[in-house]
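Take a look at the structure set out below.
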Amino acid sequence: MTIAVRTLDDGAWISVNDSRQVSVSDVWTLSHGSFCECEPAYVLLEGFFGVDVSGSVVVADTVGRCLECGTQDSIERLPVGRVVDGEFKPYSPEGVQSIVEPGAETD
Amino acid sequence: MASDVEQWKDELYGTDIRAEIERFAEEGWDAIPDDEHDAWFERFKWYGLYHQRAGQESYFMMRIGPPGGVLEPGQFRQIVEIADDFSRGPAENPEFGNGWIDVTTRQAIQLHWIRLEDVPEIFDRLEEVGLSTVQACGDSWRNIVGCPVAGKDKHEHVDADALATELHDTFKENEAHSNLPRKWKVSVTGCDEGCGQGDINDLAFEPAEKEIDGETVTGYNVRVGGGLSRNEPRFARNIDVFATPEQAVDVAGGISALFRDNGDRENRYNARIKFLVDEWGPEKLRETLQEEYVDFELETAGDDLRESYSYNAGEADGKHDHVGVHEQVDGNYYVGLNVLVGRIGVDEGYELADAADEYGSGEVRLTQRQNIIFTDVDEESVDDLREVPVLEKYSPDPHPFQRGSIACTGTEFCSLSIVETKNRQVRYARWLKENVELPEGVENFHIHLSGCTASCAQPQIADVSLRGMKTRKDGEPVEALDIGLGGGLGEEPQFASWIAERIPADEVPGAIANLLENFDEARDSEAQSFREFVADRDDEELADLIEPEETDYDDPFMHNTKRTWYPYAEDDDLDSSPAPAKADGTPIPSDD
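Going down the list, the protein sequences come from chains A and B. For what it's worth, full-length UniProt numbering labels the leading residue of the first sequence as 1, then goes sequentially. For what it's worth, full-length UniProt numbering labels the leading residue of the second sequence as 1, then goes sequentially.
Now the structure itself:
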């Protein structure tokens, strides 16, 4: 089944199948070293600039800022949810995430 | 590869969208196919309709853009009536009630909670009085901004109102310019004070003089590529072109076409012309304009008036806004009224419309500081106007903390914003007024609160710049603000430096209070302005002067306001959202 993913409204949203699913302004918890040296890193997502599907996992390219050390950087291929039976199931920002390597098997 | 937005625009864009809006309005919200939502909502922007954020599906923001912010007699009242009839939400805002208009920093008006089914009637009622939402959003010529008192101003050098109107008439619903790579913001300044804020626009016409064939000609110098968004602020760059008033429309059309043909359509984040100017430089832009887009010899830049620019220039005795009573060239007066964070309730809107009719010409103008101006008030009527009860709130002589406050839409409706803004800024201004004494001689102090890096509140050109952020406090993520200092316009414009980051929102009023106290103690003299004081110090010194602390200021919006369907609803949970809703406001069940 084709999954339509895109960024919307100047990078405010990740849209999955024409439904706004993932928003900027949430604080995501990232594992050590994947963004900065904080353990874990609490990163505010400020904007999305790309989105892709890796297997059934939706991954986003985004710009974020660590709330502890202040590092501001882009994050590529952050898993934000997965598609199960055609329905998008968002990951909780509070769950610790790492970043998906391009081509990695993520199912 | 062209972006989805470019593909949608290729398929259908511009004036063709109108019939589709009317069809969907007739058939109802459900008629928009589920798998076409993204495409249609992107297209609707061209007609000034912006789908509100998640939790508010089926409701739209509508933007109305009068050129130069000039609302002719009758137009303001018509907008208030439309807001009264159609701009009502499912829940009340604790500061503003239900039903209001928002004056924006680009001299437009925004209405919220608009239902698609009502749009055709609203369009008809706007058109009855000569107003329109065309190109108020989307990838095209946005509202032309400029001196809000053009044509009336004693400081006027060239009639900005005439050019703003001519540009509006030429480039609205103009097929050749209706689909640009990105938004296109144009400013026309005619005065010697610089109040058109050209430096932060994609295309700026600024007053200048040029000797041509032995005669001094009054016209405009042209700058290109300004803008504040996305942590990439730029001041517009001088492209060394002078345009006479007769040439200005052709020059504007040439630059717009150059952008149309050369802007980045593959990457929307690199599409604004500021990035093209970065890449090309102003010289190449001028050469290309000359060779490919105009059929006359461009004049080199004339003598500008930037040396005299005092608007938001940070000088203690400079011009800071258009609030107050000011004499016009014809001997009548214009009266600028403060609108705190730009929001006017409909009941007060009627009273303001009545006052504009009774004491002025009925014309109401919108400023880039979210305020309004009544024009053409004769001298004998000024005192009577001051006595009108609604002017107690919308005052020509407001407290500096209220006068200087600007706030964007924020998480109340906006998808991009990270924090609540308008209610918070009202509360900040109230607390500062009650608790902080401004240092001697400081009569103007600009505090701009923007919910994100899109910078709709123009935070980088304020004395104190506030930008939405988050931080962790007591182990929990809370709404926070970055604090910048020292921004402003004038002959030498300056963006604020971001001095203190991730300050919990409830500690910001204390930080401003301490900053002002430290400024009062450390400045050279009472003649030194805040901006001059900031310019004299490095970021480290300034950081020491900001001492964030909790005070008795209470902030009810510290939680994640974006994770609500409406931050002020009694049950604000996203799952409790009454949206999407039918035309009568009843919720549409998700399995409907």
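Quick reminder that beta carbons are idealized off the backbone N, C-alpha and C, glycines included.
Whether Ile512/B touches Ile499/B by CB criterion (8 Å): Taking the second sequence and counting its residues from 1, the one referred to as residue 512/B is at position 512. Taking the second sequence and counting its residues from 1, the one referred to as residue 499/B is at position 499. No, the Cβ-Cβ distance between Ile512/B and Ile499/B is not below 8 Å.
Under the three-state DSSP convention, the category Asn238/B falls into: Residue numbering aside, residue 238/B sits at position 238 when the second sequence is read from its first letter. Strand.
Within chain B, partners of Arg6/A - CB distance below 9 Å: What you label residue 6/A is simply residue 6 of the first sequence in a count that begins at 1. Result: Ser3, Asp4, Val5 and Asp38.
Beta carbon proximity, Val27/A to chain B, threshold 8 Å: Against the first sequence, residue 27/A aligns to sequence position 27. Yes, Val27/A counts as interfacial toward chain B.
Helix, strand or coil at Glu156/B [DSSP, three-state]: Residue mapping note: residue 156/B aligns to position 156 of the second sequence, counting from 1. Annotated three-state conformation of Glu156/B is strand, per DSSP.
8 Å Cβ cutoff, Leu30/A in contact with chain B: Against the first sequence, residue 30/A aligns to sequence position 30. So no, Leu30/A is outside the interface.
Any C-beta of chain A under 8 Å from that of Arg502/B: Counted from its first residue, the second sequence places residue 502/B at position 502. True, the Cβ-Cβ gap to chain A drops below 8 Å.
Where Leu385/B falls: helix, strand or coil (DSSP): Residue mapping note: residue 385/B aligns to position 385 of the second sequence, counting from 1. Helix, per DSSP.
Contacting residues, own chain, Cβ-Cβ under 6 Å from Ala4/A (five flanking each side not counted): One-based indexing of the first sequence puts residue 4/A at position 4. Result list for Ala4/A: Asn17, in chain order.
Cβ-based burial, Asp384/B [other Cβ within 10 Å; buried from 16]: By one-based count along the second sequence, residue 384/B stands at place 384. Result: exposed.
Buried or exposed by the 16-neighbour rule on C-beta atoms within 10 Å, applied to Leu489/B: Here residue 489/B corresponds to residue number 489 of the second sequence, with the count starting at 1. The residue in question, Leu489/B, is buried, as its Cβ has 16 or more Cβ neighbours within 10 Å.
Pair within 8 Å by beta-carbon distance, Trp184/B and Phe259/B: Counted from its first residue, the second sequence places residue 184/B at position 184. Counted from its first residue, the second sequence places residue 259/B at position 259. Yes, Cβ-Cβ distance for Trp184/B and Phe259/B is below 8 Å.
The alpha helix (DSSP H) enclosing Trp13/A, as first and last residue numbers: Indexing the first sequence from 1 puts residue 13/A at position 13. From DSSP, Trp13/A is part of no alpha helix (DSSP H) but of the beta strand (DSSP E) over Trp13 to Val16.
Outcome for Ala454/B when other beta-carbon atoms lying within 10 angstroms are tallied against a minimum of 16: As a first step, residue 454/B must be located in the second sequence, where it is residue number 454. When all chains shown are included, Ala454/B counts as buried.
Residues of its chain near Thr244/B, where Cβ-Cβ distance is below 7 Å and the 5 sequence neighbours each way are ignored: Start at 1 with the first residue of the second sequence, and residue 244/B comes out as number 244. Excluding sequence neighbours, Thr244/B sits near Val217 and Gly219.
Three-way DSSP call (helix, strand, coil) for Tyr566/B in this model: Position 566 of the second sequence, counted from the start, is the residue given in the question as residue 566/B. Correct three-state label for Tyr566/B: coil.
The segment 75-86 of chain B in contact with the segment 120-138 of chain B per 3-pair CB rule at 8 Å: yes
Chain A within 8 Å of Met469/B, Cβ atoms only: The residue labelled residue 469/B in the question sits at position 469 within the second sequence. Residue-level contact check: Met469/B touches chain A, since one or more beta carbons of chain A fall below 8 Å from its beta carbon.
Backbone secondary structure at Gly103/A - three-state DSSP: Taking the first residue of the first sequence as 1, we reach residue 103/A at position 103. Summary for Gly103/A: the model assigns pLDDT 49, below 50, so the residue's position carries little reliability, and this model does not support an answer.
Cβ separation of Glu156/B and Cys191/B, assumed to be a contact under 8 Å, to the nearest whole Å: Within the second sequence, the letter at position 156 stands for residue 156/B. Within the second sequence, the letter at position 191 stands for residue 191/B. Indeed, because the Cβ distance is near 5 Å, the residues count as touching under 8 Å.
is_contact[Asp52/A, chain B] using C-beta, thresh 8 Å: Position 52 of the first sequence, counted from the start, is the residue given in the question as residue 52/A. No, Asp52/A lies away from the interface with chain B (no Cβ there is under 8 Å from its Cβ).
Option in Phe519/B, Arg23/B, His37/B and Gly441/B with minimal Cα separation from Leu485/B: Taking the second sequence and counting its residues from 1, one reaches residue 485/B at position 485. If we check each option's Cα against that of Leu485/B, Phe519/B comes out closest.
Residue burial classification, Phe35/A (beta-carbon count within 10 angstroms, cutoff 16): Numbered from its first residue, the first sequence carries residue 35/A at position 35. Flag for Phe35/A reads buried.
Whole-number beta carbon distance between Tyr47/B and Met61/B, since they are thought to touch under 8 Å: Numbered from its first residue, the second sequence carries residue 61/B at position 61. Numbered from its first residue, the second sequence carries residue 47/B at position 47. Actually they are not in contact, since the Cβ atoms of Met61/B and Tyr47/B sit about 12 Å apart, beyond 8 Å.
Chain A contact residues for Arg472/B, given Cβ-Cβ distances below 9 Å: Here residue 472/B refers to the residue found at position 472 of the second sequence. By Cβ distance, chain A contributes Val27, Tyr42, Leu67 and Glu68.
Where Asp192/B sits in the DSSP three-state scheme: Stepping through the second sequence from its first residue, residue 192/B is reached at position 192. Reduced to three states, the DSSP call for Asp192/B is coil.
Beta carbon proximity, Arg77/A to chain B, threshold 8 Å: By one-based count along the first sequence, residue 77/A stands at place 77. Chain B contact via Cβ: absent.
Best match in Glu81/B, Asn262/B and His177/B for proximity to Ala353/B [C-alpha to C-alpha]: Counting from one through the second sequence, the residue named residue 353/B turns up at place 353. Residue Glu81/B is the option with its Cα nearest to Ala353/B.
Proximity test, Cβ basis, 8 Å: Val59/A and chain B: Position 59 of the first sequence, counted from the start, is the residue given in the question as residue 59/A. Chain B contact via Cβ: absent.
Cutoff 7 Å; reference Phe533/B; Cβ partners in own chain excluding five residues on either side: Numbered from its first residue, the second sequence carries residue 533/B at position 533. Cβ neighbours of Phe533/B beyond the five flanking positions: Phe519 and Arg523.
Same chain only: Cβ atoms within 8 Å of Asp304/B, ignoring 5 sequence neighbours per side: Walking along the second sequence from the start, residue 304/B turns up at place 304. Cβ neighbours of Asp304/B beyond the five flanking positions: Glu206, Pro207, Ala208 and Asn221.
Segment contact flag, the segment 99-108 of chain B with the segment 574-588 of chain B, C-beta cutoff 8 Å, min 3 pairs: The answer is no - the segment 574-588 of chain B does not touch the segment 99-108 of chain B, with fewer than three Cβ pairs under 8 Å.
Distance between beta carbons of Leu71/B and Arg365/B, contact taken as under 8 Å: Along the second sequence, read from residue 1 onward, the residue named residue 365/B stands at position 365. Along the second sequence, read from residue 1 onward, the residue named residue 71/B stands at position 71. 7 Å between Cβ atoms; contact.
Supposed close pair Glu256/B, His168/B - CB separation, criterion 8 Å: To locate residue 256/B, count along the second sequence from 1; it is residue 256. To locate residue 168/B, count along the second sequence from 1; it is residue 168. Looking at the sequence shown, residue 256/B is not Glu but Ser. No, Ser256/B and His168/B are not in contact; Cβ-Cβ is about 13 Å, not under 8 Å.
Expected contact under 8 Å - CB spacing of Ala271/B and Asp264/B to nearest Å: Locating residue 271/B in the second sequence gives position 271, counting from the first residue. Locating residue 264/B in the second sequence gives position 264, counting from the first residue. Correct: roughly 5 Å between the Cβ atoms.
Same chain, Cβ closer than 8 Å to Val390/B, neighbours up to 5 away in sequence not counted: In the second sequence, counting from the first residue as 1, residue 390/B sits at position 390. Correct list, in chain order: Glu348, Glu351, Leu352 and Ala355.
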